[in-house]
Structure formats: C-alpha cells, structure tokens
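Report on the following structure.
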Amino acid sequence: MKLYVPLLKSCTTRRPLSQIHAQLLTIGLHRDPLLSTKLLESYSKTSGITAAVKIFNNFTNPDSFMWAVMLKCYVSNLHYKEAISLYHHGLLYRQFEVSSFVLTPVLQACAGFYNMPIGRKIHGRIFKDGFDSDVIAETTLIEMYVRGGRLGDAYRVFEEMPVRDVVSLSSMISGCIRCGQADEGLNLLARVDLRGFEEDRVLVLTVADACADMGLLKEAKSVHCRIIRKRSEPDEVMENSLITMYSECYDLESAENIFGMTSMKTVVSWTAMISAYNRMSCYREAIIVYNRMLESNIEPNEVTLMGVVYSCTKLGLLKEGKSIHGFTLRRSIDPHLSSLGSALITMYSSFRKLETCFNVFDSIEKKTLLSWNSLMAACTQNVSPEIAIQLFVQMMNKGFLPDSFTLASVLPVCGHIAKISLGCEIHGIAIKIGTMTSTFVRNSLIDMYCKYGSIETALRVFDEINTKNTVTWNTMISGLSDCGFSENAIKLFEQMYYQGDEMDTVTYLNAIKACTNLGSLSKGRWTHHKLLVSGFKKDIHICTALTDMYAKCGDIRMARQIFDSVPDKNVVLWSSIISGYGNHGLISDAISLFMEMVDSGVRPNEVTFMAILSACCHAGLVEEGLYYFDLMREKFNIEPDLDHYVSVVNLLSRAGQINKAYEFIRSMQIEPDDMIWRALLNGCHINQRGDMVRVIQR
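Next comes the structure, spelled out in structure tokens:
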C-alpha cells in the first residue's frame, strides 16, 4: 500500500492514474480509506470532479478526512454550491466529525459562492464547538468576510483571535487593501513588529500583491520603501514581486529600473518584465526582452512563452508565433500544457487558422476549462457558431461545468443562430451552478433574448440586476431599439441619464440610433444636447450617427453642419450625408458630394453607390444612375449585389423603360430574386404594361 501513495501523488495525467486505479481494483486495495482519498484527490486534479465524486459515492462509510478532501476537491474545481450541499448532507446524517479540516473548505465555498448567511452559521458553529482558537479556521473566516465585502466582520474575527500568525495578519492587511481601505491596511502593517525578517517578508509580499491587484501606485511605493528599509541583501523573489507590482500599477519606468538593477536575472525576472511590457501594450519591447533573455542563455518556461505568444498575437506576427510554437517542441517544453496551448489557440484564431486551433487543442492531453473556452471563442470569432455550440455540448458531456466566461461566449451565439431552446437550457445551467451572479452572464442573456426577439424575458433579466453597469444598460437599450421598441429604448436611456449612471460612447450611439429608428427629431435633439452637456468629445462614430439621425429626421441643414465639423471624414460619413441629400430630393447636392468625396481621395464602397443610385432612382435620372452603376464596376472594381440591381430595375421601370429593365435582368450575372421581379412588376403596373406582365409570368 505504501508504494501506491507516492505513485498517486506523482500522477499528472488521467491515463496513468486510470492504470493505477485498475491495479487497486484488481488487488482489492480500492477500499482502503487512505488510497481512496488519494485517488479522488488525483482524479480531481487531472480530469475534473466527476471521477472524484464517483469514487467518493462508491466508498462505504468514508471517514472525516475523506469528507474534508471531497469538500476541498469541490472547492478547487469551483463547485461551491455542491460543496455546501455536501457539507449540509453530511452534517444532517452525522457522517463526519466537525473539525477545522471540514469547516475550512466550506468557508472557502461560501466565499466563492458569496453566501454570507451560511458562512455566518458556520462561524457560529466554529465558536460553539470551540474552534475559535484554531488559527486555520479563523484565518479562513477572515478571507470569507473579506471576499464578501464585510471588512468589519473580518476585523472583529482578527481582533478576537487569541493567537495570530503571519498568514492571518497577511489576510487581514490584504483584505483592507482590497476593500478600499488601503491606508488602514498599511497602518496595520506599520504596527507589525515581528522578530524575523522571513516572517515580515511574507507580509510585505502579500501587501505588494494586493497593491498590484488593486493598481494602488501610492501604496505600492510605500511598500517598496518598507522593503528598502528592512532588506539587508538582494532578494530575487522580492525584486520579481516589485516588477510585477509596478507594472500592474502602470508604472513601467519603476519596473524597468528594478529589472535593470537586478544582479542575478532568472527566468522569473525576464518573464515578469515581458509581462510588464505586455500589460502596457509595449509588445515589441516584450519581444526584444525575450530575445535578450535567449542571448543570456536563460531557458524560457511555459509562462515566458505564453507572454511572447501574446505579444505575437497583438502585433500580428504569425511567422514569429509559429517559431515560438516550434521552439516549444524542439526544447521539449511540454506542448500539451493547457495554458500554453490555450495561448496558441488564441493566437492562431486571430489569424483565421481555425484548423490549426483544433490541432493544438487535440494535442492538449490534460484539457481544462480554459482550453475548451479558448477553442469555443476561436470558433465564435471565425464565424463558426454551430461548431462552438457542438463544442459546448461535448464539454458538458465530459463533465466540465461552464464558468461565466464560457456562458458569456456561448449565449450570444444562441441568439445569432436562433437556438433559443438551447439558450434557455444554458440559462437554467447558469442558475443551477450559481453563475447568475456574474454580470457578464446576465448581459449575455439579455443580448441573447433580444436577438431572438424575446424582449419580455430580456427585460426580466435586466430588472433582476440590482447593480447595473454601463454594458448592461447599453445591451438593453440596443436590444429594444433593434427589436422595434425604439420609444422604450429612449425612455430607458433617459432613466439611465437621470439616475446618473456612467455612460460611454456606445450608450449615446444606441440612443441616437433609437431616435433615428423612431424618426423623432425632438428626441434626437434632446439626446444631442445631453451628449454635449456631458462633455463627451464627438468622435467620427458619434458624428456619423448624428448626421444620419438629423438627415432621416428631416433636418438636413443640421446634418450638413455636423458633417462639415469633422476634419477627417471616412467613407461611412460621406455615404451617410450623400444618402441624406438623396432622400431629401436634393440630387444635385448628393452628386456634388459624391464627386467631392472621390476628389478628396476617399474611396467609395457598396453603401456609397447604393446611396447615389437611390438618389438617382428617386429623381428619375436614368442616364446618371446607369453611369454610376457602370462606374462602380469599371473604375472601382466593386461587384454589385442584389440591392444595387433592384435599384437599377426600379430606376428603369419607373421611367417607363420596361423592355430595357427586362433585358437588364436577363443580363445579370447573379440569379435574380423576388425583389428584382417585384420591382419590374411594379413598373409594369405603373406604366400599364400588361403584355410584359404575361411575359414575366411565363
């Protein structure tokens, strides 16, 4: 039996673990409590929670230690709700002895699930059963209250602890920083008087990490000063932590200075600097540092290569990215590692290499939720929504539970491909596994229901969100507008404005779009006024939307005024104003603007030509319309689509040139659809050409 314990600990993949499991079944040792506990621990780490649950459920009378390990397995796999349910079941039937080993993972589950009521009950049991002197249980209580945003409760637990160690102190200080009371945390650190530097070092590292997470530059510098005062000799771990801390506080100069002063640069130091450059969007500098690292004969690790792959992705360097991929294979750096594999999938996805993404995914032996998420995101980005849905189903069948990122990626896909039944099922899964607390998931649900046209359900999800962020408001306003409820969209925008919630450019774009759809000039002017009052700088997108809104709502003078105020006009803005003049019957102005656009060096696109053809059609300018139709193909090499053909057929048939319109249809290089024939038939009725109607019907 002693032989199998180290073997189980060393298993990192499912295949050898399954072989050892089979041997234990053969010789009858699978009933040994210690080996079974090690088995479920190993399965939990290598292949998800499903196999671990099966071992636990099949074991007769598991002891308290096995219960504690099973609870820990649930928590490490983020199955917080299941951990709490298992604890209550065991407690109800008295199947384990309550101890700090059992209570600690349950408290962690309460923190992860943000279930403070149950956490408080467990706190009461800790006090009742005399575990309030247990440092591990008390420290976990502090962490639970901090994650739940209850700093006062955490502080009370800390103050009442009979014995405090460096871990509990670290938890309390970092908790103060994360809850927005950085000064209190640093004051607590200043009052610390520990005898050994090693203990103080742990505290300072903890606070440095907390400052990095929160991006608190002033506090970060304070921690750095403390390190300088306390430190007697160079410390690699401290220096690397400081590089990371300053980079996450967006102080690249300080990170570079510390890196430059580091005497013994290790792979961790180089990797920290590469990550710092990536964080500041200095991707070329990150690659330069990587090359310097190789010149220094320092072997990169998986994290280093992930950083460089990210740099290549951002810079669009496919050749260099492939070189990194090849490097991992040549240097025997495990290409099957899930994190590096996921980074490679993301890189190849950005270059539209979906087949290569699948090849990398297939090579990952120990697939995790991250690798599944990366491949599903690749399919979504490469316009393969059906494949993304298939992958989601496969992932679920293999025992992986989705996280908020998975659901936020898959739910919009259900809306795009009208898989509302699947979307509802995923909504149910989100409720079941407790991810409905995620704003990302709720926003994705709103988006999905809006795309399917189920506005009532979308509004119900929207109303259930107590703290709405800007994206939540934007998604609901856009959804209402797209589904034909523009008046409701404007009312929601007004509510958002008067509540003082933060708005961005997208918010105003959605509101302007709703005013355009509604054709309400008064609402459009009101929205424009609020935009100016709010101090937003008008960018090209806002100006284009305003130009389009004023033109479609009848104020072409204001539309032109906004158009003229933009110094660098793009093709979208030009097309918008040309269309506006055409719709107002100002054909000569529309044509003049088109010529001015071409003379300015802006190349027209399909939408521009559609605008000028529509203008000619409204004015009955046959020769001009045919001229621009030929110009589109001959000078600008733009192939007309069905809308362009419909516009020409309308132009000819309304002008009474029915025979010419019919010949034009017969000469089309694409198959005419119902809209083409309907345009011709409409011209026949206007011009009383019943003879041609009979020809068409034949």
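Quick note on numbering: the sequence shown equals residues 1 to 698 in the UniProt record's numbering.
Every residue gets a Cβ at the ideal spot worked out from N, C-alpha and C, and that includes glycine.
For residue i, which residues of its own chain have a beta-carbon under 7 angstroms away from its beta-carbon, when the five flanking residues on both sides are left out?
i, result
"G149", "C179"
"T50", "G399"
"L546", "I512, H528 and I562"
"I665", "V649, P672, I676 and L680"
"K72", "P105"
"K635", "none"
"S350", "T313"
"F405", "N373"
"D539", "T505"
I need the straight-line Cα distance from residue i to residue j, nearest angstrom please.
i, j, result
"M610", "L375", "38 angstroms"
"E239", "M280", "19 angstroms"
"F197", "F127", "A caution first: F197 carries a pLDDT of 39, below 50, which makes its placement in the model too unreliable to give a value."
"N397", "V410", "16 angstroms"
"V223", "V75", "32 angstroms"
"L445", "T470", "15 angstroms"
"R284", "L315", "8 angstroms"
"Y290", "W270", "7 angstroms"
"I686", "M675", "17 angstroms"
"E623", "Q657", "12 angstroms"
"S371", "M347", "13 angstroms"
"C379", "G307", "23 angstroms"
"S100", "F131", "7 angstroms"
"T505", "T457", "26 angstroms"
"Y87", "A154", "23 angstroms"
"Q108", "A83", "9 angstroms"
"L217", "C553", "49 angstroms"
"S481", "E487", "8 angstroms"
"P335", "T262", "With a pLDDT of only 48 at P335, under the threshold of 50, the placement of this residue in the model should not be trusted, and no figure is reported."
"G423", "Y581", "43 angstroms"
"I227", "V146", "25 angstroms"
"M448", "A408", "10 angstroms"
"L492", "H79", "37 angstroms"
"M496", "T439", "17 angstroms"
"I591", "Y662", "27 angstroms"
"R560", "L573", "11 angstroms"
My understanding is that residue i touches residue j, with C-beta atoms under 8 angstroms, so please give their C-beta distance in whole angstroms.
i, j, result
"L354", "N382", "5 angstroms"
"T206", "I173", "7 angstroms"
"M595", "P604", "Actually they are not in contact, since the Cβ atoms of M595 and P604 sit about 11 angstroms apart, beyond 8 angstroms."
"G341", "F327", "About 14 angstroms separates the two Cβ atoms, so there is no contact after all."
"V461", "R442", "6 angstroms"
"K523", "I490", "5 angstroms"
So what's residue i in DSSP terms, helix, strand or just coil?
i, result
"residue 746", "Because the chain spans 1 through 698 in this model, residue 746 falls outside it and cannot be assessed."
"Y283", "helix"
"H123", "helix"
"R603", "coil"
"Y662", "helix"
"T457", "helix"
"T262", "coil"
"C414", "helix"
"E502", "coil"
"H79", "coil"
"M668", "coil"
"K468", "coil"
"K569", "coil"
"P105", "helix"
"C225", "helix"
Using the beta-carbon count (16 or more within 10 Å), is residue i buried or exposed?
i, result
"S647", "buried"
"S579", "buried"
"T569", "Residue identity check: residue 569 is Lys in the sequence provided, not Thr. Its Cβ being crowded by 16 or more others within 10 Å, K569 is buried."
"I431", "exposed"
"K265", "buried"
"G500", "exposed"
"T60", "exposed"
"D630", "exposed"
"N359", "exposed"
"K38", "buried"
"G683", "buried"
So, for residue i: in the same chain, excluding its five sequence neighbours on each side, which residues have a beta-carbon less than 8 angstroms away from its beta-carbon?
i, result
"S168", "V135, E138, T139, I142, F158 and M161"
"N278", "A286, G307, Y310, S311 and K314"
Spatial neighbours of residue i within its chain, please: CB distance less than 6 angstroms, with the 5 preceding and 5 following residues excluded, ordered by chain position.
i, result
"S171", "T139, I142 and E143"
"I420", "Y452"
"residue 699", "Nothing in the structure corresponds to residue 699, since the chain is present only between 1 and 698."
Is residue i near the ligand SAH, with its Cβ less than 7 angstroms from a heavy atom?
i, result
"F392", "Of ligands this structure carries none, so the ligand SAH is not represented either."
Let me see if you follow: with CB-CB separation under 8 angstroms, is residue i close to chain B or not?
i, result
"L305", "Here there is only one protein chain, and chain B is not present."
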